[in-house]
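The structure appears right after this line, and notes come after that.
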Amino acid sequence: MTDFRQQALDYHAKPVPGKISIELTKPAETSKDLALAYSPGVAEPVRAIAENPDDVYRYTAKGNMVAVISNGTAILGLGNLGPLASKPVMEGKALLFKRFAGLDSIDIEVKHRTTQDFINTVANIADTFGGINLEDIKAPECFEIEQALIERCDIPVFHDDQHGTAIVTAAGLLNALEIRNKSLEDAKIVCMGAGAAAIACMELLIKCGAQRENIYMLDSKGVIHTRRDDLNQYKQLFANNTDKRTLQEVIEGADIFVGVSGPDLFGAEDLRLMAENPVVFACSNPDPEIRPELALATRSDVIMATGRSDYPNQVNNVLCFPFMFRGALDVRASAINDEMKLAAVEAIRQLAKEPVSAEVVKAAGAEKLEFGPEYIIPKPIDPRLCARVAKAVAEAAVASGVARIDLPANYMQS
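Using the numbering used here, read the sequence shown as starting at 442 and increasing by one per residue.
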């Protein structure tokens, strides 16, 4: 572990600090180049944009630019360490945007006194970008922040900790249930955790067909039920009218366990209480609620997923967010709506059912990747993801009326 820590520090420090830089897209070698790039030539696109604001997409990088913005109040699983400490993570998201979707991205870390300060700061700079990816902002403030920015900005605003997690989770769960011949509509679901990711996951599962009354959510005080008087407005949405108070009581007969809480909080004895052919998504990072080795030793019929890359079925947001923004920006969407999220779910889950190339299998370090209990969601390195997910998202944006332009001809032909 010490060696890995040093490797990680060296990776970020050498040969130059950080993970991103700016590159020029136009020549700047001659006096004429500089005259076109700046004064006097730059005045021409300035005039054009002033006359027709949509020309900003024609003459600037706005249409391919995403801002990754955080206040550092919920960094990974490390907690509230402040905006400056979040910068390596935000640079990492920028790296992933570029690597997987060809999107340019700038990280912005905001220091503020109040939630409204943060909202105002982001809203006031939003026009610079084609989209805004919010990241590592603690609940419940993240809900207020995202909703306020959606209302104030006319570009896509997407809190990845909420919706990216939810989209990938939904895709994997739907496939796992299909493999086990179960339906989401009839499934009993236990969700351990009641933060941003948990609430977004359950809300999206409801949009996919889950029944709210079949969902039992737990926070640090136990089951969230209707007789508790300590619930915020977001937890209240999942207050179940039940006399059950503990994990052991609600997990009995459950078809699905979703963990977005902390390490080793779901034991073998809990897993034994679940229904036949259970599905367990233990997504606490880096250490899951239950280790796959323990889960599989306890129940041979379990389908298991984690947030880790060293086990099968990694629930990884990179399966979603680069391509969500790629599709949204390519049709100049004003927002990312439920139709686009559901389109992403379907595109991701359907890709997992298709044959996987030998190159992807080799890069994944696997002997084979074939739709089944150990392969319910695609690998992030599958090059087909960008075309499939971005196109599905773009088509949904057009169909739902939030796109400003139609899909380009032959868009994302794969």
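Just so you know, even glycine gets a beta-carbon here, dropped at the ideal spot from N, CA and C.
Query, Result
"Nearest residue (CA-CA) to Glu550, options Pro529, Gly543, Leu537 and Ala502", "Pro529"
"Gly636 and Val691 closer than 8 Å at C-beta", "no"
"Per-residue burial, Phe445 [other beta carbons within 10 Å of its own, 16 or more giving buried]", "exposed"
"8 Å contact criterion, which Pro719 and Arg740 should meet: CB distance rounded", "7 Å"
"Boundaries of the alpha helix (DSSP H) in which Gly533 is found, first to last residue", "Lys528 to Ala542"
"Residues near Glu780 by beta carbon distance below 6 Å, same chain, minus five either side", "Ala837 and Ser841"
"Cut-off 6 Å between Cβ atoms - residues of its own chain near Ala835, not counting five sequence neighbours on either side", "Gly768, Asp771, Val772 and Leu848"
"Sequence-distant residues of its chain with Cβ nearer than 6 Å to Tyr498 (five each side left out)", "Gly504"
"Buried/exposed call for His453, threshold 16 Cβ in 10 Å", "exposed"
"Opposing strand residues paired with Asn681 [DSSP bridges]", "His666"
"Residues sharing a beta bridge with Thr747, DSSP", "Ala723 and Gln755"
"Distance, Val598 Cα to Phe570 Cα", "11 Å"
"Residue environment, Thr667, which counts as buried when at least 16 other CB atoms sit within 10 Å", "exposed"
"Where Ile697 falls: helix, strand or coil (DSSP)", "strand"
"For Cys642, the three-state DSSP class (helix, strand or coil)", "helix"
"Three-way DSSP call (helix, strand, coil) for Leu659 in this model", "strand"
"Endpoints, beta strand (DSSP E) assigned at Gly572", "Gly572 to Leu575"
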